[in-house]
Amino acid sequence: MEPYDVLFTGADLVDPGAGLVGRYDLAVRNGRVAAVAPQLDPADATQVVDASGQFLTPGLIDLHTHIYWGATYWGIEADPVAARSGVTTWIDVGSAGAYTFPGFREYIARPGRARVLSFLNLSAIGLVAPTWELANLDYCDVDLATQIVEANRDLIVGIKARIDQNTTRGTGIRPLELARQLADRVALPLMVHIGNGPPSLREIAALLRPGDILTHCFTGGNHRIADDAGRIDPLIIELQRAGLVLDIGHGTGSFAYGVTEAALAAGVLPDVISSDIHQLSVQGPMFDLPTTLSKFLNLGMSLPDVIDRATRRPALALRRPDLGTLAPGSTADLALFRLERGTFVFHDVAMQPRQGDQRLVSTATYMAGTLLPRQAERPLHVWALLPAHQRTGTTAG
Ligand SMILES: [Zn+2]
Numbered sequence: 163m164e165p166y167d168v169l170f171t172g173a174d175l176v177d178p179g180a181g182l183v184g185r186y187d188l189a190v191r192n193g194r195v196a197a198v199a200p201q202l203d204p205a206d207a208t209q210v211v212d213a214s215g216q217f218l219t220p221g222l223i224d225l226h227t228h229i230y231w232g233a234t235y236w237g238i239e240a241d242p243v244a245a246r247s248g249v250t251t252w253i254d255v256g257s258a259g260a261y262t263f264p265g266f267r268e269y270i271a272r273p274g275r276a277r278v279l280s281f282l283n284l285s286a287i288g289l290v291a292p293t294w295e296l297a298n299l300d301y302c303d304v305d306l307a308t309q310i311v312e313a314n315r316d317l318i319v320g321i322k323a324r325i326d327q328n329t330t331r332g333t334g335i336r337p338l339e340l341a342r343q344l345a346d347r348v349a350l351p352l353m354v355h356i357g358n359g360p361p362s363l364r365e366i367a368a369l370l371r372p373g374d375i376l377t378h379c380f381t382g383g384n385h386r387i388a389d390d391a392g393r394i395d396p397l398i399i400e401l402q403r404a405g406l407v408l409d410i411g412h413g414t415g416s417f418a419y420g421v422t423e424a425a426l427a428a429g430v431l432p433d434v435i436s437s438d439i440h441q442l443s444v445q446g447p448m449f450d451l452p453t454t455l456s457k458f459l460n461l462g463m464s465l466p467d468v469i470d471r472a473t474r475r476p477a478l479a480l481r482r483p484d485l486g487t488l489a490p491g492s493t494a495d496l497a498l499f500r501l502e503r504g505t506f507v508f509h510d511v512a513m514q515p516r517q518g519d520q521r522l523v524s525t526a527t528y529m530a531g532t533l534l535p536r537q538a539e540r541p542l543h544v545w546a547l548l549p550a551h552q553r554t555g556t557t558a559g
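Each step along the sequence shown adds one to the number in the numbering used here, with nothing skipped, and position 55 is 217.
Take a look at the structure:
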């Protein structure tokens with residue numbers, strides 16, 4: 163038998179996609195998972211990684227990121243963060259629109275080491291500026307966006323529209339109607355960002371379909387899905403049951419402990435836990451996807467349930483069940499984590515604190531069985547200023 167290239171031994175495997183949780187060894191050959199078993203022989207491997215005391219998971223899939231560095235207000239660089247966070251698949255949602263997608267393909271997706279996929283912004287200018295991209299309907303060219311999708315099906319896996327008072331500014335619900343048309347025409351999921359209307363959450367919900375993604379689902383803005391008594395909007399519960407994907411998209415404006423706790427108490431769990439990492443949120447209190455996952459661990463969700471929402475479930479939302487699992491034959495994108503015990507303080511976007519006793523810490527990220535090297539991150543842009551209330555007192559736990 164040809165030797166394994168890498169063998170991971172002694173780890174606690176958490177692979178909800180393959181239905182495996184527990185002590186397993188995992189072997190990689192030619193960039194793919196070659197074997198998963200309670201015990202594999204180190205003599206059969208060229209390199210052995212002793213992962214005792216660590217959790218081994220599929221590389222995380224972050225369903226809400228902004229990685230169009232240098233051409234958009236929000237974009238960070240994916241690879242340096244991938245190497246320190248375990249995120250191997252980056253879904254850039256809306257940074258690129260039709261006019262800027264060719265640059266995204268050439269300068270971001272092609273040279274990057276981490277896997278990159280995109281939700282194309284309905285607005286042809288994408289997220290060049292912080293907001294207002296849907297305030298001018300001239301940018302909402304459904305025919306043009308359709309052509310860009312058809313020419314880039316390998317990278318574009320969905321459509322994005324940010325629907326709130328600043329992005330739409332005077333155009334009301336019309337941009338979402340156009341985004342609906344576009345998503346239906348190209349038969350891809352539509353990710354809708356909510357926050358503060360107008361338009362109202364009712365108007366938005368009327369245009370959502372099973373398989374679409376509601377991001378910022380636990381926002382504290384006036385689109386919040388919980389009322390003051392903590393009762394969850396029955397319409398949202400009904401839509402989720404019908405197949406609407408509720409996605410966290412933490413960011414700097416969209417994760418409220420009050421709404422989250424009300425939802426979890428009502429049994430309304432997020433389908434996907436994503437970071438909305440960008441120039442601002444990377445400074446805290448979001449920081450990165452492992453920190454965001456840790457917040458849910460400390461709210462009482464189990465480690466497999468949390469990892470499920472950053473591996474198997476986002477893969478399903480993307481209609482890419484080949485991703486987010488380490489079943490034999492899969493690409494060996496994987497991550498190692500330590501679960502630290504101690505006393506940690508986490509904050510939501512309003513800087514409401516919650517104390518926790520566990521924290522997920524990334525120790526290594528592998529793409530197709532090869533370790534991603536840690537590397538320096540570029541300085542943040544001069545405009546990358548956190549909201550005033552978040553500027554002080556944010557530490558990573
Ligand atoms: Zn975002």
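Note that beta-carbon positions come from the ideal geometry of N, C-alpha and C, so glycine has one too.
Since the model is a prediction, treat every value here as computed from it, not as a measurement.
Query                                                                                                       : Result
Burial state of G332, where buried means 16 or more other Cβ atoms lie within 10 Å                          : exposed
DSSP three-state assignment for R403, whether helix, strand or coil                                         : helix
Reference G179, options R475, V523, G504, L534, closest by Cα                                               : R475
Closer than 8 Å: H385 CB and nearest ligand 1 heavy atom                                                    : no
Selection from A388, Q209, S443, G359 that minimises the alpha carbon distance to V430                      : A388
Continuous alpha helix (DSSP H) stretch holding G420: start and end                                         : 419-427
D438 beta carbon near ligand 1 (any heavy atom closer than 8 Å)                                             : yes
Cβ-based neighbour list, G373, same chain, cut-off 6 Å, excluding 5 preceding and 5 following               : P351, G405
Bounding residues of the alpha helix (DSSP H) (the contiguous stretch that carries R536)                    : No alpha helix (DSSP H) contains R536, which DSSP labels as neither H nor E.
Supposed contact pair T227 and I439 - C-beta distance, whole angstroms, cut 8 Å                             : 5 Å
Selection from R194, A189, L218 that minimises the alpha carbon distance to T208                            : A189
The segment 216-224 in contact with the segment 250-261 per 3-pair CB rule at 8 Å                           : yes
C-alpha gap between S437 and P204, whole angstroms                                                          : 37 Å
Outcome for G559 when other beta-carbon atoms lying within 10 angstroms are tallied against a minimum of 16 : Since pLDDT at G559 reaches only 43, below the 50 mark, its modelled position is unreliable, and no value is offered.
From G334, L459, S214, L218, residue whose alpha carbon lies closest to that of A489                        : L218
Element boundaries [beta strand (DSSP E), containing E502]                                                  : 496-509
D309 vs A258 beta-carbon contact at 9 Å                                                                     : With the sequence shown as reference, residue 309 is identified as Gln, and Asp is not the correct amino acid for it. No, the Cβ-Cβ distance between Q309 and A258 is not below 9 Å.
7 Å CB neighbourhood of G491 in its chain, flanking five on each side removed                               : R194, V195
Under 9 Å between C-beta atoms of R246 and R536                                                             : yes
Backbone secondary structure at D520 - three-state DSSP                                                     : Checking the sequence, you will find Gln at residue 520 rather than Asp. In this structure, Q520 counts as strand in the three-state DSSP scheme.
At least 3 beta-carbon pairs within less than 8 Å: the segment 507-521 vs the segment 534-548               : no
Identified DSSP bridge partners for L175                                                                    : G184, L218
For G559, the three-state DSSP class (helix, strand or coil)                                                : Unreliable placement is indicated for G559, whose pLDDT of 43 sits below 50; no coordinate value is reported for it.
Beta-bridge pairing of R277 - partner residues as DSSP gives them                                           : T251
Segments of 4+ residues assigned as alpha helix (DSSP H) that fall wholly inside the segment 287-340        : 304-313, 327-330
Simplified DSSP assignment, three categories, for L169                                                      : strand
Contact the segment 291-300 vs the segment 262-280: 3+ CB pairs below 8 Å                                   : no
Check whether L496 and Y528 have beta carbons under 9 Å apart                                               : yes
Sufficient close CB pairs (3 or more, under 8 Å) joining the segment 365-380 to the segment 407-421         : yes
Proximity test, G413 beta-carbon vs ligand 1 heavy atom, cut-off 8 Å                                        : yes
Whole-angstrom distance between L344 and A307, CA atom to CA atom                                           : 8 Å
Nearest-angstrom Cα separation, counted from L478 out to L370                                               : 18 Å
heavy atom of ligand 1 below 8 Å from T569 C-beta                                                           : Look at the range of the chain in this structure, 163 to 559, and you will see that residue 569 is not part of it.
Separation of L340 from G320, as counted between CA atoms                                                   : 14 Å
Residue interval of the beta strand (DSSP E) (run including L352)                                           : 352-355
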